[in-house]
Amino acid sequence: MNIHYITFRASVHATESDDRVKTALSLFLFDNKINETQTEGHFGNPITLLQGQIKGKDCIRFIDILKSGLPEYELEKLRKERCERVDEECCLHIRFDKQAAFEGKVRLAATADTITAKIKIRAYPANYEKALVAAETLF
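Quick note, the numbering used here runs 140 ahead of the 1-based positions in the sequence shown.
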(Lines of atoms letter the chains of each structure in order from A and count residues from 1; the text may use other names and numbers.)
(Lines give C-alpha, C1' and ligand atoms only; values in the text may rest on other atoms or scores of the structure.)
Protein backbone atom coordinates (compact mmCIF):
# COMPACT_ATOMS: atom_id res chain seq x y z
CA MET A 1 0.00 0.00 0.00
CA ASN A 2 1.32 3.42 -0.95
CA ILE A 3 0.13 5.11 2.27
CA HIS A 4 2.09 6.01 5.42
CA TYR A 5 -0.97 7.13 7.40
CA ILE A 6 -4.31 8.93 7.09
CA THR A 7 -5.43 11.74 9.39
CA PHE A 8 -9.12 12.60 9.73
CA ARG A 9 -10.48 15.87 11.16
CA ALA A 10 -13.91 17.26 11.84
CA SER A 11 -15.21 20.22 13.80
CA VAL A 12 -18.19 20.22 16.13
CA HIS A 13 -19.97 23.56 16.37
CA ALA A 14 -22.15 24.62 19.29
CA THR A 15 -25.30 23.62 17.38
CA GLU A 16 -24.04 20.07 16.74
CA SER A 17 -23.86 16.96 18.89
CA ASP A 18 -20.35 15.69 19.74
CA ASP A 19 -21.66 12.12 19.69
CA ARG A 20 -23.13 12.46 16.20
CA VAL A 21 -19.87 13.80 14.77
CA LYS A 22 -17.90 11.06 16.56
CA THR A 23 -20.28 8.52 15.02
CA ALA A 24 -19.60 10.04 11.59
CA LEU A 25 -15.83 9.87 12.19
CA SER A 26 -16.07 6.24 13.31
CA LEU A 27 -16.96 5.31 9.73
CA PHE A 28 -13.28 5.97 8.95
CA LEU A 29 -11.55 5.58 12.36
CA PHE A 30 -12.00 1.91 13.06
CA ASP A 31 -10.48 1.95 16.56
CA ASN A 32 -12.53 5.02 17.59
CA LYS A 33 -9.43 6.72 19.02
CA ILE A 34 -10.47 10.34 18.65
CA ASN A 35 -8.56 13.28 20.10
CA GLU A 36 -10.58 16.32 21.15
CA THR A 37 -9.38 19.92 21.25
CA GLN A 38 -11.57 22.73 22.56
CA THR A 39 -11.30 26.09 20.84
CA GLU A 40 -13.33 29.22 20.15
CA GLY A 41 -14.82 30.64 16.99
CA HIS A 42 -14.39 34.26 15.88
CA PHE A 43 -17.42 35.37 17.88
CA GLY A 44 -16.55 33.35 21.00
CA ASN A 45 -18.67 30.35 20.08
CA PRO A 46 -17.30 27.02 21.34
CA ILE A 47 -15.87 24.64 18.73
CA THR A 48 -14.54 21.15 19.37
CA LEU A 49 -11.97 19.81 16.92
CA LEU A 50 -11.97 16.02 16.58
CA GLN A 51 -9.01 14.24 15.04
CA GLY A 52 -7.79 10.70 14.59
CA GLN A 53 -5.27 8.76 12.56
CA ILE A 54 -5.04 5.31 11.02
CA LYS A 55 -2.01 3.36 9.78
CA GLY A 56 -1.13 0.01 8.24
CA LYS A 57 -3.95 -2.42 7.54
CA ASP A 58 -6.54 0.19 8.52
CA CYS A 59 -5.40 2.30 5.54
CA ILE A 60 -6.11 -0.65 3.24
CA ARG A 61 -9.50 -1.05 4.89
CA PHE A 62 -10.23 2.66 4.35
CA ILE A 63 -9.34 2.49 0.64
CA ASP A 64 -11.58 -0.58 0.28
CA ILE A 65 -14.46 1.32 1.95
CA LEU A 66 -13.78 4.30 -0.31
CA LYS A 67 -13.81 2.20 -3.49
CA SER A 68 -16.92 0.25 -2.52
CA GLY A 69 -18.81 3.15 -0.89
CA LEU A 70 -18.31 6.03 -3.31
CA PRO A 71 -20.43 6.13 -6.45
CA GLU A 72 -18.39 5.60 -9.62
CA TYR A 73 -18.81 9.25 -10.69
CA GLU A 74 -17.23 10.42 -7.41
CA LEU A 75 -14.33 7.97 -7.79
CA GLU A 76 -13.84 9.33 -11.30
CA LYS A 77 -13.86 12.87 -9.88
CA LEU A 78 -11.08 11.88 -7.45
CA ARG A 79 -9.06 10.42 -10.32
CA LYS A 80 -9.49 13.53 -12.47
CA GLU A 81 -8.73 15.95 -9.61
CA ARG A 82 -5.68 14.03 -8.39
CA CYS A 83 -3.29 16.82 -9.48
CA GLU A 84 -5.20 19.43 -7.45
CA ARG A 85 -5.64 17.18 -4.42
CA VAL A 86 -1.98 16.17 -3.94
CA ASP A 87 0.29 18.77 -2.35
CA GLU A 88 4.07 19.26 -2.30
CA GLU A 89 4.33 17.28 0.97
CA CYS A 90 2.95 14.17 -0.78
CA CYS A 91 -0.44 14.41 0.92
CA LEU A 92 -3.70 13.65 -0.87
CA HIS A 93 -6.62 15.72 0.46
CA ILE A 94 -10.24 14.54 0.39
CA ARG A 95 -13.30 16.09 2.05
CA PHE A 96 -16.23 13.85 2.98
CA ASP A 97 -19.81 14.83 3.71
CA LYS A 98 -20.20 14.71 7.50
CA GLN A 99 -23.99 14.13 7.44
CA ALA A 100 -23.66 11.25 4.96
CA ALA A 101 -20.92 9.69 7.12
CA PHE A 102 -23.24 9.86 10.14
CA GLU A 103 -25.72 7.82 8.08
CA GLY A 104 -22.97 5.30 7.24
CA LYS A 105 -22.50 6.51 3.66
CA VAL A 106 -19.26 7.58 1.98
CA ARG A 107 -19.79 10.72 -0.15
CA LEU A 108 -17.55 13.55 -1.25
CA ALA A 109 -18.43 16.88 0.34
CA ALA A 110 -20.41 19.51 -1.53
CA THR A 111 -20.69 21.82 1.50
CA ALA A 112 -18.41 23.10 4.26
CA ASP A 113 -19.82 20.55 6.75
CA THR A 114 -17.03 18.01 6.25
CA ILE A 115 -14.71 15.37 7.54
CA THR A 116 -11.30 16.03 6.02
CA ALA A 117 -8.90 13.24 5.18
CA LYS A 118 -5.20 13.88 4.68
CA ILE A 119 -3.58 10.82 3.15
CA LYS A 120 0.21 10.78 3.46
CA ILE A 121 1.40 9.10 0.27
CA ARG A 122 4.42 6.80 0.35
CA ALA A 123 6.62 7.92 -2.56
CA TYR A 124 10.38 7.57 -3.02
CA PRO A 125 11.93 9.95 -3.53
CA ALA A 126 9.26 11.99 -1.80
CA ASN A 127 8.18 14.56 -4.36
CA TYR A 128 5.01 15.76 -6.03
CA GLU A 129 5.43 13.77 -9.25
CA LYS A 130 6.09 10.47 -7.46
CA ALA A 131 3.15 11.12 -5.13
CA LEU A 132 0.86 11.64 -8.14
CA VAL A 133 1.90 8.29 -9.59
CA ALA A 134 1.38 6.56 -6.23
CA ALA A 135 -2.01 8.26 -5.73
CA GLU A 136 -3.15 7.01 -9.13
CA THR A 137 -2.93 3.42 -7.89
CA LEU A 138 -5.24 4.07 -4.90
CA PHE A 139 -8.55 4.32 -6.78
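Beta carbons are placed, not taken as given, at the ideal position from N, Cα and C, and that holds for glycine. Keep in mind the model is a prediction, meaning the values are calculated, not measured.
With a cutoff of 8 Å on beta-carbon distance, Q193 and Y264 are scored as not near each other. The alpha carbon of L165 has as its nearest neighbour, out of Y268, E224 and T254, the alpha carbon of T254. Buried is the label assigned to D237, since at least 16 other Cβ atoms lie within 10 Å of its Cβ. By the Cβ test, the segment 220 to 228 is not in contact with the segment 240 to 254, since fewer than three Cβ pairs between them sit closer than 8 Å.
A150 counts as buried, since at least 16 other C-beta atoms from the protein chains shown sit within 10 angstroms of its C-beta.
Around the C-beta of L206, 16 or more other C-beta atoms lie within 10 Å, and the residue is accordingly described as buried. In the structure shown, the three-state DSSP call for R160 is helix. For secondary structure counted as the beta strand (DSSP E) over 3 or more consecutive residues, the segment 198 to 275 holds these complete runs in sequence order: 231 to 237 and 254 to 261.
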